[in-house]
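Novice: To start, I am sharing the structure in question, which I have written as structure tokens.
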Amino acid sequence: MNQAKLDAFLATVQVRWPQYRVVVLPFTADEDPAIRHFVHLLDVPDDAYRAVSDRAWELAFDVFGDEELPFVMTTIDPDASATYFPVTTAEAG
Numbered sequence: 001m002n003q004a005k006l007d008a009f010l011a012t013v014q015v016r017w018p019q020y021r022v023v024v025l026p027f028t029a030d031e032d033p034a035i036r037h038f039v040h041l042l043d044v045p046d047d048a049y050r051a052v053s054d055r056a057w058e059l060a061f062d063v064f065g066d067e068e069l070p071f072v073m074t075t076i077d078p079d080a081s082a083t084y085f086p087v088t089t090a091e092a093g
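Each residue of the sequence shown is one higher than the one before, counting from 1 in my numbering.
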């Protein structure tokens with residue numbers, strides 16, 4: 001896995017959408033050991049969900065080119081984000 005490319009992708013996402021949180025968790029899939037991470041784009045409102053998801057995947061393929069992506073990714077609305085990924089004291093500042 002190319003950590004530099006993953007870092008570049010995540011940085012691009014955070015620059016493109018600073019209003020959304022990005023959480024990366026470990027991911028293990030017996031059927032595809034190349035997938036190592038689960039990228040969650042959080043707090044994405046319903047009216048932006050599809051556009052953000054589509055563009056994030058485009059960015060991933062732009063960064064990784066022909067390489068297999070080492071992650072799966074999901075976009076999560078604000079309510080589910082608050083439920084499953086509450087803002088921590090450190091994040092709140």
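Quick reminder that beta carbons are idealized off the backbone N, C-alpha and C, glycines included.
Treat the numbers as computed from the prediction; the structure is a model and nothing was measured.
Straight-line CA distance for T83 to I35?
Specialist: Going from the Cα of T83 to the Cα of I35 covers about 25 Å.
Novice: By DSSP's criteria, R21 is part of a beta bridge. Which residues make up the other side?
Specialist: DSSP lists L42 as partners of R21.
Novice: Look up T83 in the DSSP assignment and say whether it is helix, strand or coil.
Specialist: Helix, per DSSP.
Novice: Near V23, what residues of its chain come up, given a Cβ to Cβ distance below 7 Å and the 5 sequence neighbours on each side ignored?
Specialist: Contacts found: H40, L42, F85.
Novice: Quickly, what does DSSP pair F71 with across the bridge? List them, please.
Specialist: DSSP, once it has assigned bridges, lists H37 as partnering F71.
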